[in-house]
Amino acid sequence: MDGHSSVVSENTLALRTPSTSRTLAKRSRLPTPLLPYACPVTPVELSRTVLRAVRRAVDEGELSVVVPVRAVLTPPGPGGCGDYSTNIALQLARPAGRPARQVAEILRPHLTRSEGVADVAITGPGFLNIRLGGGAGASLVREIQRQRDAYGHGDILTGQIIPLRIPYDIRAEVVADTLVRIVATQGGRAEVHHIHPSRAEPAGTDLAQGKTAGHDPSRAEPPRTKAPQADPPRPQITTLRPTPAAEDPTPLGPDAARWALLHPASHDRPRISADHLLQRESNPLFRVRYAHARTRALTRNAAALGCTGDPGDVPEDVPGGDELVGALAGYPAVLTQAALHRAPDRLARHLVTTADALLAFQHTVLPLGDEKPSAAHRARLALAEAAGTVLAGGLSLLGISAPDYL
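In my numbering, the protein residues as written are 9 to 414.
In structure tokens form, the structure reads like this:
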């Protein structure tokens, strides 16, 4: 291996945001605390609620299974409903020896009785679709206010060292530079090494090729006659080979160049175009940065009216409100998946989703005409400010600036 994360090309250094890199390097990761409320507002808390429902079903003799370590929560798919969907019943069907839909029927009443859950519907082969009760949005905003830019950080990679091997390519270097920060949000430490062109590659996961790098069955070691001494487990090496850009992105400037390289999936070729600089809705980078600037403008304009944000429930009929709450609640899971799959593009796409929800919601925040600031306005302002916190944090992880004015 040749070189570490501190050894990068001049082009990559030009694409970094120095102030962001310094701040993230010095910041200590805060452990995810126990929430001061029982209402499940993020996939992490709701996952615990689902697992408690499984535990109750096991304790009452309705299911004979080992309670899983984690329940996966996702936005409802086609034909789904509610705020979140889980496939836990499908996961438990085989060990329980029952059809998945029957497992879902067993779990449904336990979930429905959980605090913060308003309703649970079963769809398809056994998906449990969960609708959260009132207060979830306000609790979520309070949690974001409390954690600030540490919101969404977790501990799934605590104590793990993640070796990342990359070729001498500007996109690979920018992706690896970003993954160092994303992996750190989950408690891990990524170490970046360059692949020397003239050296054989050690075995490891090759993300772009979908295979184990450097493994040759014909060169396998012969059987041993004696049991070897136990060696400490070696970190799994990940080789990053994102499709290179066809052109040099540096003329776009640091922010647009990084976005052009990070937003596409690793197997897609980046589009290096001046379109990334356009201030119009067709440009996803502009929408994300503009949405952040709008949250700051809303705070300034509200202050001029004597209004400050105060977490509260936002009615379901407020345009963009539900979508914005869902995007903010889903942010921790996106960070986790981006770290586990070494895929910063997942974070970039989620920021676009969050920005679009905020831009649809922003028009409801401030009083209009002769209206006086009310509790409803303060609740909407607090939600918008929480969105600004998440957008700024996500852009920071990507190494992209989040302007207060745009």
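In this text, a Cβ means the ideal position worked out from N, Cα and C, and glycines have one as well.
Please identify the residue among the options whose C-alpha is closest to the C-alpha of residue i.
i, options, result
"Glu68", "Val52, Asp330, Leu115, Asp185", "Leu115"
"Ile170", "Asp177, Val326, His161, Arg189", "Arg189"
"Leu270", "Glu123, Ala351, Thr361, Gly162", "Ala351"
"Gln194", "His349, Asp412, Thr362, Thr344", "Thr344"
"Gly85", "Leu136, Ala126, Arg56, Pro76", "Leu136"
"Arg173", "Leu187, Gly167, His161, Gly162", "Leu187"
"Glu53", "Asp127, Leu140, Ala368", "Leu140"
"Tyr339", "Ala395, Val74, Arg106", "Ala395"
"Arg197", "Pro205, Asp163, Val182, Glu181", "Asp163"
"His371", "Asp321, Gly402, Ala305", "Ala305"
"Ala368", "Ala390, Ser274, Ala387, Arg295", "Arg295"
"Thr316", "Leu165, Ala268, Ser382", "Ser382"
"Pro205", "Glu199, Val183, Pro175, Gln168", "Pro175"
"Arg109", "Leu119, Ile280, Asn95", "Asn95"
"Ile245", "Ile203, Glu255, Gly320", "Ile203"
"Glu255", "Asp127, Ala79, Ile280", "Ile280"
"Asp91", "Leu336, Ala363, Ala387", "Leu336"
What first and last residue would you give for the beta strand (DSSP E) that runs through residue i?
i, result
"Thr94", "92 to 94"
Look up residue i in the DSSP assignment and say whether it is helix, strand or coil.
i, result
"Arg354", "helix"
"Glu199", "strand"
"Arg4", "In the structure as shown, the chain starts at 9 and stops at 414, and residue 4 therefore has no counterpart that could be examined."
"Pro171", "strand"
"Ala126", "strand"
"Leu81", "strand"
"Pro411", "coil"
"Thr246", "strand"
"Thr131", "strand"
"His161", "coil"
"Gln194", "coil"
"Asp325", "coil"
"Gln498", "No answer is possible for residue 498: it lies beyond the span of the chain, which begins at 9 and ends at 414."
"Arg288", "coil"
"Asp378", "coil"
"Arg189", "helix"
"Leu313", "coil"
"Ala101", "helix"
"Val75", "coil"
"Thr417", "The structure shown has nothing for residue 417, since the chain only spans 9 to 414."
"Ser274", "coil"
"Asp364", "helix"
"Ile280", "coil"
"Pro259", "helix"
"Tyr176", "coil"
"Thr57", "helix"
"Pro86", "coil"
"His204", "coil"
"Pro5", "Here the chain comprises residues numbered 9 to 414, so residue 5 is not present and cannot be evaluated."
"Thr233", "Because the pLDDT at Thr233 is just 41, under 50, the model does not fix this residue reliably, and the value given afterwards should be weighed accordingly. Thr233 falls in the coil class under three-state DSSP."
"Leu306", "helix"
Starting from residue i, trace the alpha helix (DSSP H) both ways and give me its first and last residue.
i, result
"Pro262", "262 to 270"
"Ala335", "329 to 348"
"Ala253", "No alpha helix (DSSP H) contains Ala253, which DSSP labels as neither H nor E."
"Gln110", "108 to 120"
"Ser147", "144 to 155"
"Val398", "383 to 406"
"Glu70", "That residue, Glu70, is in no alpha helix (DSSP H); it is neither H nor E in DSSP."
I need the straight-line Cα distance from residue i to residue j, nearest angstrom please.
i, j, result
"Ile408", "Pro250", "19 Å"
"His358", "Arg266", "16 Å"
"Tyr298", "Val398", "14 Å"
"Asn291", "Glu70", "52 Å"
"Ala282", "Gly134", "47 Å"
"Pro272", "Ser93", "26 Å"
"Arg277", "Gly132", "36 Å"
"Arg179", "Ala253", "7 Å"
"Leu286", "Pro259", "14 Å"
"Pro231", "Ala346", "Only weak support is given to the placement of Pro231: the predicted model assigns it a pLDDT of 41, under 50, and the value that follows is read from those uncertain coordinates. Straight-line Cα distance between these residues: approximately 39 Å."
"Asp177", "Gly334", "36 Å"
"Asp378", "Ala65", "55 Å"
"Leu348", "Val73", "27 Å"
"Ser404", "Ala410", "7 Å"
"Leu42", "Thr57", "Note that Leu42 scores 32 on pLDDT, short of 50, meaning its location in the model is unreliable; the coordinates nonetheless yield the value given after this. Those two C-alpha atoms are separated by around 13 Å."
"Leu414", "Leu366", "16 Å"
"Val342", "Leu313", "36 Å"
"Val360", "Ala158", "20 Å"
"Gln99", "Leu59", "12 Å"
"Ala192", "Leu165", "8 Å"
"Pro3", "Ala104", "Outside the shown range of the chain, which is 9 to 414, sits residue 3, and nothing can be said about it."
"Val373", "Ala400", "19 Å"
"Glu324", "Arg102", "38 Å"
Examine chain B for any beta-carbon lying closer than 9 Å to the beta-carbon of residue i, and answer yes or no.
i, result
"Gly132", "Here there is only one protein chain, and chain B is not present."
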